[in-house]
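Peer 1:
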Amino acid sequence: SDVNELMVSCVGTLLCQVCTGTYYYVLTNTSLDVAAYSWIAVVLIIVYSGLCTFGMYPVCSAYTSELFSSNTRGIASSLSAINVTIASFLILVIYQPITDYIGLYANFYFYSVVIFTGGVYFYLYAPETKGKSFLQIKRELESLYS
Numbered sequence: 001s002d003v004n005e006l007m008v009s010c011v012g013t014l015l016c017q018v019c020t021g022t023y024y025y026v027l028t029n030t031s032l033d034v035a036a037y038s039w040i041a042v043v044l045i046i047v048y049s050g051l052c053t054f055g056m057y058p059v060c061s062a063y064t065s066e067l068f069s070s071n072t073r074g075i076a077s078s079l080s081a082i083n084v085t086i087a088s089f090l091i092l093v094i095y096q097p098i099t100d101y102i103g104l105y106a107n108f109y110f111y112s113v114v115i116f117t118g119g120v121y122f123y124l125y126a127p128e129t130k131g132k133s134f135l136q137i138k139r140e141l142e143s144l145y146s
């Protein structure tokens, strides 16, 4: 997998979420009339989806297959899918209460914090795996965490 691809995706999605949150904040909490620019939110969400589809999602899937040996890869992939499902469920559960009590913009700022945290984590702790054998990746991880 390519860490640079992941970082571009993280930075791009972070910017999209911050800008979308800011649009909704200005729309609902200020006297500025930005209703004519509602297309901006749609474009940002489409760009966000594209960046996820071509960056974060495939790179994270590739990491799962590259960081685990063949005898544990199935279990690791299953646990990864369960984690994604639980996280998605929690996001769906908290979306409406956050919108009701704080505002729609707060959801996008929350997503921005999650993306930023994940991007920093991957930048600091995820080794480049492109062109490396499982043994090389394992050694790099062992040296990183020992």
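In UniProt numbering, the protein residues as written are 1 to 146. All C-beta atoms in this analysis are idealised placements derived from N, C-alpha and C, irrespective of residue type, glycine included.
What are the boundary residues of the alpha helix (DSSP H) that includes M7?
Peer 2: For this step, residue 7 is matched to residue 7 along the sequence shown. First-last of the alpha helix (DSSP H) with M7: 3–29.
Peer 1: Buried or exposed, going by whether 16 or more other CB atoms sit within 10 Å of the CB of N107?
Peer 2: By one-based count along the sequence shown, residue 107 stands at place 107. Buried.
Peer 1: Return the chain-ordered list of same chain residues with a C-beta closer than 8 angstroms to the C-beta of G103, the five sequence neighbours on each side being excluded.
Peer 2: Counting from 1 along the sequence shown, the entry for residue 103 is found at position 103. Contacts found: Y24, Y25, T28, N29.
Peer 1: Rounded to the nearest angstrom, how far is the Cβ of E5 from that of V59, given a contact under 8 angstroms?
Peer 2: Start at 1 with the first residue of the sequence shown, and residue 5 comes out as number 5. Start at 1 with the first residue of the sequence shown, and residue 59 comes out as number 59. Yes, they are in contact, since the Cβ atoms of E5 and V59 sit about 6 angstroms apart, within 8 angstroms.
Peer 1: Could you give the distance in angstroms between the alpha-carbon of F116 and the alpha-carbon of Y125?
Peer 2: Taking the sequence shown and counting its residues from 1, the one referred to as residue 116 is at position 116. Taking the sequence shown and counting its residues from 1, the one referred to as residue 125 is at position 125. Looking at the two C-alpha atoms, the distance is approximately 14 angstroms.
Peer 1: Go to I82, then tell me how far its alpha helix (DSSP H) extends in each direction, as first and last residue.
Peer 2: Working through the sequence shown from its first residue, we reach residue 82 at position 82. Where I82 is concerned, the enclosing alpha helix (DSSP H) stretches over 73–101.
Peer 1: Quick one, are the C-beta atoms of C10 and M56 less than 9 angstroms apart?
Peer 2: As a first step, residue 10 is located in the sequence shown; it is residue number 10 there, counting from the start. As a first step, residue 56 is located in the sequence shown; it is residue number 56 there, counting from the start. Yes.
Peer 1: Report all residues from its chain with a CB closer than 8 angstroms to the CB of A41; omit the five preceding and five following residues, and keep chain order.
Peer 2: In the sequence shown, counting from the first residue as 1, residue 41 sits at position 41. Hits under 8 angstroms: T20, Y23, Y24.
Peer 1: For Y123 and V3, what's the separation of their Cα atoms in angstroms?
Peer 2: Residue 123 sits at position 123 when you count from the first residue of the sequence shown. Residue 3 sits at position 3 when you count from the first residue of the sequence shown. Roughly 8 angstroms separates the two Cα atoms.
Peer 1: Flag this pair as yes or no: are the beta carbons of L14 and S88 separated by less than 9 angstroms?
Peer 2: Here residue 14 is taken as the residue at index 14 of the sequence shown, counted from 1. Here residue 88 is taken as the residue at index 88 of the sequence shown, counted from 1. For L14 and S88, no; Cβs fall outside 9 angstroms.
Peer 1: When we look at the beta-carbon of L51 and count the other beta-carbons within 10 Å, is it buried (16 or more) or exposed?
Peer 2: The residue labelled residue 51 in the question sits at position 51 within the sequence shown. So L51 counts as buried.
Peer 1: Taking buried to mean at least 16 other C-beta atoms within 10 Å of its own C-beta, is G131 buried or exposed?
Peer 2: The residue you call residue 131 lines up with position 131 of the sequence shown. Exposed, since its Cβ has fewer than 16 Cβ neighbours within 10 Å.
Peer 1: Report yes if the CB atom of S77 is closer than 9 angstroms to the CB atom of F134, and no otherwise.
Peer 2: For the purposes of this step, residue 77 is identified with residue 77 of the sequence shown, where counting begins at 1. For the purposes of this step, residue 134 is identified with residue 134 of the sequence shown, where counting begins at 1. Going by C-beta atoms, S77 is not nearer than 9 angstroms to F134.
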